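Here the structure comes first, spelled out in structure tokens, and everything after it is commentary.
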Amino acid sequence: MDKPTGPGSRLALFPILTLSAFCIPILIGLAGTWLPALGYLPAIGAYDLNVSVFFTLFREPGFSSATFHTITTGLGATLIALGLSLLITTQIYGSALWRLLERSLAVLLAMPHAAFAIGFGFLIAPSGWLVRIISPELTGFEVPPGWATVKDAYGISLTLALAFKEIPFLLLMCLSGLNQLDIRRTLWVGHSLGYSRSRIWTRLVLPQLYPHLRLPVLAVLAYSLSVVDVALILGPNLPPTLSVLVDRWFNDSDVGYRLLGAAGATWLFLLVMAAIAVFLLAEKIIYRLSRDRLIDGSRSSISERFGLSGATAYFSSALLLLVSLLSFLVLVLWSFTRSWRFPESLPGVYSLRFWARGVSQTAEPVWIALVVGVLATLIAVVLVIGCLENEIELARKGRRADSQKVMWLVYLPLLVPQIAFLFGIQTIAVLFGVEGTWLSMVGVHLIFVLPYVFLTLSGVYRGFDNRYTQVAVSLSGSPLRSFFRVKLVMLAKPIVFALATGFAVSVAQYLPTMYLGAGRFMTITTETVSLAGGSDRRVVAVYALCQFLLPMLMYTLAIFLPAWAFRNRRAMQNEKGEW
Amino acid sequence: MKLGRFVGAVLLAMLVLVNPLQAETENSEWQSIVAKAKGQTVYYNGWGGSEVINEYIRWASAEVEKRYGVTVKHVKVTDIGDVVGRILAEKSAGRTSGGTVDLVWINGENFRAMKEQGLLGPPFTHKLPSYQLVDTEKKPTTVYDFTIAVENLEAPWGMAQLVFMYDTAHVTNPPANMQELLAYAKTHPGRVTYPAPPEFHGTTFLKQALLELVENPELLKKPVDAVDFEKITAPLWAFLDELHPVMWRSGRTFANGAPEMKQLLSDGEIFISLSFNPNDASNAIASGELPESIRTYVHEGGTIGNSHFLAVVFNSSAKEGAMVFADFLMSPEAQARKADPAIWGDPTVLAMGKLTPEQKQLFDNIEAGVATLSPQELGKVRLEPHASWVEALETTWLARYRK
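First to last, the protein sequences are chains A and B. Under numbering that gives the first Met the number 0, residues 0 to 578 are what the first sequence spells out, in order. Under numbering that gives the first Met the number 0, residues 0 to 402 are what the second sequence spells out, in order.
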């Protein structure tokens, strides 16, 4: 049974393959960006290595305020998302609202950032739906007020949209963290010690939960600091955030700007690294400061007695659900609109023509997104399962992988800003003539799909009771057969769910598709973002909804397919292992 | 005398013989282009922010597929500068064939960049039958693109003139010039704006304002380094300094482009917008995108006009297919359809005098939209300043206002 040269040794290939699938492109991409930042880009005849490009960057009009707004929106969105997710988890875990939230998570996660940003923008603009609903009856507005509720110069609307969009992801991470902790026993012990509910959560659960959140939070931070599509739709533009500036420089018709873009991308990379360092430092300081309080044994405080944080948690989770629902509904409304004038609360004239046209127009971009997404996700799942099996194999031989180190590696693509290395990858791809091919498309999507598939799957996979495998092997005599016929089937639910998550991640990719697609690969996401710059909200709404429906379809399949396949197996119907 | 008649006869014979021969050669050259084009896939890269335009491209693609067996893929671009950059990167990487872009929708600065960097294919428009119908005499912008000589490197596709759109529900007397626009903005704060340069509508607004405010507009025809830029543009910056605080969002945020301004106009956030298409308002009213109350106006001294073009890229491996598509887009049939405000409303580049009666009928049948100005009302077209002004204006604008 335990052959030294069996599948075990071949399994060792998986981590190597997986790591090279994303580490090598990222490293090449970073180098391919850093060199031009230092003035070396042979493609445009720049050969001098020096730092003068950075001085040009620092003198660029609006550079310092772009940097400032990037930091405030990125940090702001992360802190709000983290604070509210923790508040929601600790305050309402187990309540009816929590269960509703838990059930809505898949939908909230499936909604691509761009689609959400478009809906959110329609909602909160001075001429948006919220103002229309209450105008002119309550406000007296016959024309929209001059408020700066979207694209405001301080990036507040951008911050809020990012925060709202990231809360579901962090809640999912809380949930998977809680699944790995023995939460019921902790609650029970806490209660028996006479701790109040919120005290149990803040003093007993939170310190155990936070380590599970650290990397996801840093990923949110890196993402919020460097996002392009959402910032294009909701962000300020005079100056825009750094990432948008860098993207523009990279795409300027004057190729001399590519050096500036590379310097900007490198600056953004340094900024993200610094932000991560500051975050980790702040975490240490907070831990030091609160260590004594954590074990002082006190039982309650004034704020807890008045239930302030509880109320905030209920309010913010209700708000999250409401905003997401309304952002979605307003898209649906616009997609069926012919004309909808301010201050009408609902469209004045409805029309089916944008859907009628939209179905044929979106067919090709949806198809491309589907094929790229499915290919990247399938490869990712095979690689991830291979890695996890290798881990188990190593553990069996008594060699344990350092899971924390592995996690940092897995998170690498999520901690390095996309725009900081995509240009480098593009340069290399052009050099080898592979940009705009299926290979480069699937490859670049794989970089971002892999980590999410790993994150969604690893917890449940590692938690699998290996005694099933042992029994299966002893009955069938074949490790491979027992793997395919018992383990994979038993884990079908989480695997299918990981597939859906990976697919949703792939569909939402904007920059990678733009930088490596060479215009040959127009997915529903690039089409939607490109149209969002146009004027016709009715068409944009149809595209944004299609962009949303595609991952939604996959999540629906992920939930119903296993349920249907296992309809005659009651033990497979339980909730355990869904997340 | 005899000799003279003989020579005359020979000359006549030569004319008779050579002319059809020449026509035959041209014709056969075009025939061979059409033959080579069959089965090619053309990646047409053009701005994709307007569904009206995208829909038109879809129609044209289906037609050339049907008639010539040429497949057209519309690569929807947000800024054509991206494409120029990509082609240059391909050239730098030594990719002289099999480029990712075949045909590109272009004019002005981007044309200049492509021409200077050698990113365009060889001159081709003289080979296209439809080009013979282009009004190169009365429409000088079809031969000089932002003062740069076109030299058959790009096919004229449509005419543009800067027009303003206003909401009659809120504006009774539309401003007749930049000073009146400023006065209007002062009495109605927050209802006027323009796109942030370097977006090209924004830059065009700057050029229009400059043309109106400058003492001697003739100076703008010269390259920017040949004149005292600071002195000439001083009235423009003084004007903008006064305008910005009374603009939409107090001039702290700008629209990203004319399409976004159309949305704001539709929402009632602003009352005056601008467009490069004189039929834009009529078209948008017809589709329900803009309210019925929108009308068009131009400034009294005339507004900037130019042409937009289609250019074949140097490393395209579907050059023939690209030419066939460009020829079809210039054909009377496609041009008439494009000029219809119910479809797109983009004015034609063709000369009515060069068309057959049937072809001319196509244009006569077009119903003018409710918000379209007559050619008289559109008034004088002002020529673009020398292409070098674009960058100088944009850089100065960014340095002054992107703080």
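Even for Gly, the Cβ is constructed at its ideal location relative to N, Cα and C. Being a predicted model, the structure only gives us computed values, none of them experimental.
May I ask you to list the residues that DSSP assigns as paired with residue i?
i      : result
F308/B : I105/B and P155/B
Y349/A : T336/A
L119/B : V312/B
N44/B  : V74/B and V103/B
L349/B : V133/B
F110/B : BP columns for F110/B are empty, so no partner.
V188/A : Beta-bridge pairing links V188/A to no other residue.
S272/B : M164/B
A254/B : P194/B
I303/B : R381/B
Y143/B : A148/B
L382/A : Per DSSP, none; premise fails for L382/A.
Rounded to whole angstroms, what's the CA-CA distance from residue i to residue j? Just pull it up for me.
i      : j      : result
R337/A : H169/B : 22 Å
N250/A : R85/B  : 8 Å
E62/B  : S505/A : 34 Å
E526/A : A109/A : 18 Å
P226/A : R568/A : Residue identity check: residue 226/A is Val in the sequence provided, not Pro. Approximately 44 Å, taken between the alpha carbons.
L263/B : G516/A : 32 Å
T468/A : S477/A : 10 Å
R57/B  : H298/B : 35 Å
K2/A   : E392/A : Caution applies to K2/A, whose pLDDT of 42 falls short of 50 and renders its modelled position unreliable; the value that the coordinates give is listed next. One C-alpha to the other measures close to 12 Å.
V488/A : A564/A : 10 Å
W155/A : L217/A : For clarity, residue 155/A is Ile in the given sequence; the question names Trp instead. About 21 Å.
T555/A : L449/A : 21 Å
A570/A : W333/A : 44 Å
T69/A  : D266/B : 29 Å
L107/A : S315/A : 15 Å
Taking the beta carbon of residue i as the centre, do at least 16 other beta carbons fall within 10 Å, making it buried, or is it exposed?
i      : result
Q21/B  : Because the pLDDT of Q21/B is 49, which lies under 50, any placement of that residue in the model is unreliable, and the number read from its coordinates should be weighed accordingly. The residue is exposed, with fewer than 16 neighbouring Cβ atoms inside 10 Å.
L542/A : Reading off the sequence, residue 542/A comes out as Tyr, not Leu. Classification for Y542/A: buried.
Y400/B : buried
V76/B  : buried
T72/A  : buried
G352/B : exposed
T46/B  : Sequence check: residue 46/B is Trp here, not Thr. Under this definition W46/B is a buried residue.
E241/B : exposed
G96/B  : Per the sequence presented here, residue 96/B reads as Ser, with Gly not at that position. Exposed.
E383/B : buried
V348/A : exposed
P14/A  : buried
L392/B : buried
Q207/B : buried
Would the beta-carbon of residue i fall within 8 Å of that of residue j?
i      : j      : result
A398/B : F362/B : no
P340/B : S292/B : no
V223/B : W388/B : yes
A321/B : V41/B  : yes
L86/A  : T240/A : no
P194/B : M246/B : no
L354/B : W156/B : no
T88/A  : L170/A : yes
F324/B : V69/B  : yes
E115/B : N314/B : no
V370/A : L549/A : no
Contact set between the segment 125-148 of chain A and chain B, restricted to residues whose Cβ is under 7 Å from the partner: Under the 7 Å Cβ criterion, the segment 125-148 of chain A contributes P125, S126, V142, P143, G145 and A147.
Chain A contacts made by the segment 261-275 of chain B, where a contact means CB separation under 7 Å: Here the close residues are K261, Q262, D266, G267 and E268.
Residues from the segment 158-178 of chain B in contact with chain A, defined by Cβ distance under 8 Å: Result list: H169.
Interface residues of the segment 314-342 of chain A facing chain C [CB-CB below 7 Å]: Protein chains in the displayed structure are A and B, and chain C is not among them.
Near-chain B residues of the segment 487-507 of chain A (beta-carbon distance less than 7 Å), N- to C-terminal order: Along the segment 487-507 of chain A, there is no position whose C-beta sits under 7 Å from a C-beta of chain B.
Short-range partners of chain B found in the segment 228-239 of chain A, where Cβ spacing is below 7 Å: In summary, the residues of the segment 228-239 of chain A whose CB is separated from some CB of chain B by less than 7 Å are P235, N236, L237 and P238, in the order they occur in the chain.
Short-range partners of chain B found in the segment 247-270 of chain A, where Cβ spacing is below 9 Å: Per Cβ criterion, the list reads R247, F249, N250, D251, S252, D253, V254, Y256 and R257.
Interface positions of the segment 296-313 of chain B facing chain A (Cβ-Cβ less than 9 Å), listed along the chain: For chain A, none of the residues of the segment 296-313 of chain B brings a beta carbon within less than 9 Å of one of its beta carbons.
Residues in the segment 430-452 of chain A having any Cβ partner in chain B nearer than 8 Å: So the list reads L430, G432, E434 and G435, given in the order they occur along the chain.
Where the segment 51-83 of chain A meets chain B: residues whose CB sits under 8 Å from a CB there: Closer than 8 Å at the C-beta level to chain B, one finds these residues of the segment 51-83 of chain A: P60, G61 and S64.
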